[in-house]
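Undergrad: In my numbering, the protein residues as written are 1 to 144. The structure's right below; bear with me while I get my questions together.
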């Protein structure tokens with residue numbers, strides 16, 4: 001399970017819309033309660049990362065921005081709890097490329113679909129050794 005607040009969610013969606021029609025990406029720093037696939041992950045800070053290879057079907061996080069974000073996460077004594085990216089025209093589900101590139105089994109992979117720009121759809125996953133498991137994503141302070 002991953003929890004983020006409404007402002008963090010809004011930041012992710014705005015970043016994805018800002019890079020549209022190309023994919024956007026971000027790192028999520030935070031805290032971990034528990035271990036493994038059942039750990040509870042709480043986002044404390046969103047780090048929007050420029051897509052170094054802008055494309056509607058692929059993203060590569062800018063290495064300098066990633067390093068800066070990882071150093072700040074470490075300086076805050078927190079963990080990398082999530083890796084975010086957008087799908088511009090397809091559903092919010094990991095592609096074969098996403099699964100093949102997944103290198104952080106303890107992090108959640110969040111994907112927002114902008115297939116309907118007026119109704120972004122966010123889902124979360126754990127990807128461990130090629131196996132995709134959907135996890136609950138809770139947005140606190142959300143209306144409704």
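Here a beta-carbon is modelled for each residue, glycine too, at the ideal position from N, C-alpha and C. Since this is a predicted model, take the numbers as computed values, not measurements.
Would you say residue 123 faces chain C, with C-beta separation under 7 Å as the test?
TA: Given the protein chain composition of this structure (a single chain), no chain C is represented.
Undergrad: What residue range does the beta strand (DSSP E) around residue 9 cover?
TA: It is not in any beta strand (DSSP E) - residue 9 instead sits in the alpha helix (DSSP H) that spans 6–19.
Undergrad: Quick check on residue 105: buried or exposed, where buried means 16 or more other Cβ atoms within 10 Å of its Cβ?
TA: Under this definition residue 105 is an exposed residue.
Undergrad: Mark residue 144 as exposed unless 16 or more other C-beta atoms lie within 10 angstroms of its C-beta, in which case mark it buried.
TA: Because residue 144 sits at a pLDDT of 47, beneath the cut-off of 50, its placement in the model cannot be relied upon, and the point is left open.
Undergrad: Which of the three DSSP states is assigned to residue 72 in this structure?
TA: Here residue 72 sits in helix by DSSP.
Undergrad: With 16 other CB atoms within 10 Å as the buried threshold, where does residue 26 fall?
TA: That one is buried.
Undergrad: When you compare only the Cα positions, how much space is there between residue 133 and residue 127?
TA: If I take the Cα positions, the gap works out to 6 Å.
Undergrad: Along the chain, where does the beta strand (DSSP E) that runs through residue 108 open and close?
TA: Where residue 108 is concerned, the enclosing beta strand (DSSP E) stretches over 108–113.
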